[in-house]
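Chains as they are written, first to last, in the numbering used here: chain P, -10 to 345; chain U, -9 to 292.
Dropping the structure here:
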């Protein structure tokens, strides 16, 4: 396919246009209940962004990392402090700088990846998760010496205009996510992404082809942490509307790992599919519990069942489709297309026969 | 001066003994890694699952202690059987990372099942061994050491000697090592892979149950056990993934270092550094000796 605009093909531009029309025009006109924005759409966008970060390091570069929530916490608290202490920076400026601060942590804790891989690297990244949360928790400066433990996030103000309604916050998240997703797609397709994938598929071969392992891995960790940092800042400011280190514990890291793997490793749309599934499935399960069984099943049991299903799905996907839901979606599209085209050729043939 | 030294000794010994508790969890990881070269991330969940089932049998069904323990051990054999059949066999030829991710899924399944079956509240587990200083030692050596710590140390020692002998001198142990070395070659000379896997996973399940009893008696049987079990990972990195003595030495190092750091350096940073200190220690070990103290050197071929 020939690129039509920069590196984007015609198909990409159509996809982008459809997504934009859906998210900017269709969703705001048809969805009017606040619940959808505050509890589903906003966290979906934030977590999808964090999952893209996880994808970059895990799906594209093949480094098993388990510290996404730590970087999200770094981003969120950096954002809080930047708005508090450097108000001149503005919302967008603070968002970028907090992403960069998270990226600095990413570089620091990504360095072990040069030496180790697999489970060993996972343990090294766990250090980042526990260390960052501990640091925020123990040094009062990060929390502006607030003793209650939960800090209210400041209101979002961009160019003097407040963005405080759910719809406005949704647009903020949407804008940030769109820009960063396009960037991620660009990187994944360009030489950066090719280097990542070369390292993932066979690091020694990549090195002998002249790909610098140091540069590629550190770059992947930095960019991944940047995405997680920005996602964490949005997560805290648009969804939680408060900042507490506990919200970014190891459970969130596992959740993002699940989104990444179930969605489909090494795909950008997989990040969105995975995040949507992990977020929506509990909602669905609760709805079934309330409406079919009329609350006869305890809420804790429902959440346990949800855990069993997530774990079970993980095993099933690993066995039957390690590339996740994105691949299933791809397969579905291909099979529909081939059916349509075979139907098309049949009708052509029959019409040709008739004309004879 | 003498008091300070005594206090240091007390911290050190307490840390070492607490470290054996980590060793007990790490032992389960090593067993499976040694026999199948797969890393079982769900070991922590197995600890939680087994001990919660044990408590459930005792407290909900009033089954006596020994019988409940046997039932829980049998349950772990069933878990091992199901794991072998449903997870490991289909993933026989998959890459290491794929199997690792599948075991993360398995961990989720076990945690969820345990909570669905036995509830989420914290349960107390009374083994009849108190978690308080032994008077005899306190009087004679002036060290305050908990009876539970000593029991855990003894249990760990017995299990480690037993497993070590099993691996080294029995035919089963030889088979286990052969499978770990090259599963394909082992099965081609007639070692029953299925049975070996089942055996190893059951053994790991029973080890998890014992570790869970020790932890449960100390901290209560609760979900936090899963997070505690994560600390076995740095233990493994320091000791080496495939070494049974390594698991105990690694546990001792982690236990001692984290306690000493917590007591002497912790107060300057507001405490709770034992949450991350083991992991950072593991990173330093990784940089200098990635295969751990006793592990086999990792050779990757292109």
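Don't be surprised by glycine CBs; every beta carbon is placed ideally from N, CA and C.
Chain U residues whose Cβ lies nearer than 8 Å to that of residue i
{"i": "residue 105 of chain P", "result": "276, 280"}
{"i": "residue 123 of chain P", "result": "262, 263, 265, 266"}
{"i": "residue 115 of chain P", "result": "220, 223, 269"}
C-beta contact flag for residue i and residue j at 8 Å
{"i": "residue 238 of chain U", "j": "residue 10 of chain U", "result": "yes"}
{"i": "residue 5 of chain U", "j": "residue 249 of chain U", "result": "yes"}
{"i": "residue 231 of chain P", "j": "residue 57 of chain P", "result": "no"}
{"i": "residue 104 of chain P", "j": "residue 260 of chain U", "result": "no"}
{"i": "residue 194 of chain U", "j": "residue 21 of chain U", "result": "yes"}
{"i": "residue 49 of chain P", "j": "residue 211 of chain P", "result": "no"}
{"i": "residue 14 of chain U", "j": "residue 147 of chain U", "result": "no"}
{"i": "residue 183 of chain U", "j": "residue 66 of chain U", "result": "no"}
{"i": "residue 34 of chain U", "j": "residue 219 of chain U", "result": "yes"}
{"i": "residue 63 of chain P", "j": "residue 94 of chain P", "result": "yes"}
{"i": "residue 222 of chain U", "j": "residue 12 of chain U", "result": "yes"}
{"i": "residue 63 of chain U", "j": "residue 48 of chain U", "result": "no"}
{"i": "residue 68 of chain U", "j": "residue 211 of chain U", "result": "no"}
{"i": "residue 239 of chain P", "j": "residue 44 of chain P", "result": "no"}
{"i": "residue 248 of chain P", "j": "residue 91 of chain U", "result": "no"}
{"i": "residue 66 of chain P", "j": "residue 120 of chain P", "result": "no"}
{"i": "residue 181 of chain U", "j": "residue 165 of chain U", "result": "yes"}
Member of the options whose CA lies at the smallest distance from the CA of residue i
{"i": "residue 243 of chain U", "options": "U:255, U:229, U:252", "result": "U:229"}
{"i": "residue 52 of chain P", "options": "P:321, P:109, P:177, P:217", "result": "P:109"}
{"i": "residue 75 of chain U", "options": "U:179, U:215, U:188, U:54", "result": "U:188"}
{"i": "residue 115 of chain P", "options": "U:270, U:274, U:284", "result": "U:270"}
{"i": "residue 17 of chain P", "options": "P:327, P:296, P:200, P:157", "result": "P:157"}
{"i": "residue 272 of chain P", "options": "P:286, P:287, P:295", "result": "P:295"}
{"i": "residue 213 of chain P", "options": "P:306, P:42, P:67", "result": "P:42"}
{"i": "residue 420 of chain P", "options": "P:54, P:265, P:313", "result": "Residue 420 of chain P lies beyond the range of chain P shown here (-10 to 345); nothing can be said about it."}
{"i": "residue 27 of chain U", "options": "U:159, U:254, U:85", "result": "U:85"}
{"i": "residue 137 of chain U", "options": "U:7, U:190, U:-4", "result": "U:7"}
{"i": "residue 318 of chain P", "options": "P:69, P:184, P:251", "result": "P:251"}
{"i": "residue 191 of chain U", "options": "U:262, U:3, U:63, U:70", "result": "U:70"}
{"i": "residue 13 of chain P", "options": "P:167, P:35, P:40, P:80", "result": "P:167"}
{"i": "residue 229 of chain P", "options": "P:61, P:147, P:1", "result": "P:61"}
{"i": "residue 153 of chain U", "options": "U:216, U:179, U:25, U:101", "result": "U:25"}
Buried versus exposed call for residue i [16 or more other C-beta atoms within 10 Å across all chains shown]
{"i": "residue 51 of chain U", "result": "exposed"}
{"i": "residue 224 of chain U", "result": "buried"}
{"i": "residue 234 of chain P", "result": "buried"}
{"i": "residue -2 of chain P", "result": "exposed"}
{"i": "residue 3 of chain P", "result": "exposed"}
{"i": "residue 189 of chain P", "result": "buried"}
{"i": "residue 32 of chain U", "result": "buried"}
{"i": "residue 264 of chain U", "result": "buried"}
{"i": "residue 94 of chain U", "result": "buried"}
{"i": "residue 247 of chain U", "result": "buried"}
{"i": "residue 0 of chain U", "result": "buried"}
{"i": "residue 101 of chain P", "result": "buried"}
{"i": "residue 204 of chain P", "result": "exposed"}
{"i": "residue -7 of chain U", "result": "exposed"}
{"i": "residue 114 of chain U", "result": "exposed"}
{"i": "residue 133 of chain P", "result": "exposed"}
{"i": "residue 75 of chain P", "result": "exposed"}
{"i": "residue 73 of chain U", "result": "buried"}
{"i": "residue 184 of chain P", "result": "buried"}
{"i": "residue 139 of chain P", "result": "exposed"}
{"i": "residue 32 of chain P", "result": "buried"}
{"i": "residue -5 of chain U", "result": "exposed"}
{"i": "residue 40 of chain P", "result": "buried"}
{"i": "residue 108 of chain U", "result": "buried"}
Per-residue contacts from residue i into chain P (C-beta, under 9 Å)
{"i": "residue 209 of chain U", "result": "Within chain P, no residue comes near residue 209 of chain U; the closest Cβ sits about 17 Å away, beyond 9 Å."}
Chain-ordered chain P contacts of residue i [CB-CB under 7 Å]
{"i": "residue 87 of chain U", "result": "53, 107"}
{"i": "residue 224 of chain U", "result": "112"}
{"i": "residue 77 of chain U", "result": "304"}
Cross-chain neighbours of residue i in chain P, by beta carbon under 8 Å
{"i": "residue 217 of chain U", "result": "239"}
{"i": "residue 260 of chain U", "result": "127, 128"}
{"i": "residue 81 of chain U", "result": "307, 308"}
{"i": "residue 47 of chain U", "result": "Neighbours of residue 47 of chain U on chain P: none; closest Cβ ~19 Å, over 8 Å."}
Chain U residues whose Cβ lies nearer than 7 Å to that of residue i
{"i": "residue 14 of chain P", "result": "Here the premise fails: no neighbours, minimum Cβ distance about 39 Å."}
{"i": "residue 293 of chain P", "result": "102, 105, 106"}
Notebook entry, point to check: Curious, which full-length alpha helix (DSSP H) runs of at least 4 residues does the segment 30 to 72 of chain P contain?
Noted result: 31 to 43
Next item on the list: Ignoring anything shorter than 4 residues or poking outside the segment 255 to 314 of chain P, list the alpha helix (DSSP H) runs there in chain order.
Entry: 257 to 280, 288 to 309
Notebook entry, point to check: In chain order, which continuous runs of the alpha helix (DSSP H) of length 4 or greater are located wholly inside the segment 118 to 202 of chain U?
Noted result: Within the segment 118 to 202 of chain U, the complete alpha helix (DSSP H) runs of at least 4 residues are 125 to 130, 137 to 159, 161 to 171, 173 to 178.
Next item on the list: Enumerate, from N- to C-terminal direction, the unbroken alpha helix (DSSP H) stretches of 4 or more residues contained entirely within the segment 190 to 264 of chain U.
Entry: Segments of the alpha helix (DSSP H) lying fully in the segment 190 to 264 of chain U: 214 to 220, 222 to 229, 234 to 254.
Margin query: Give the list of continuous alpha helix (DSSP H) stretches no shorter than 4 residues that lie fully inside the segment -7 to 28 of chain P.
Written below: -1 to 9, 16 to 19
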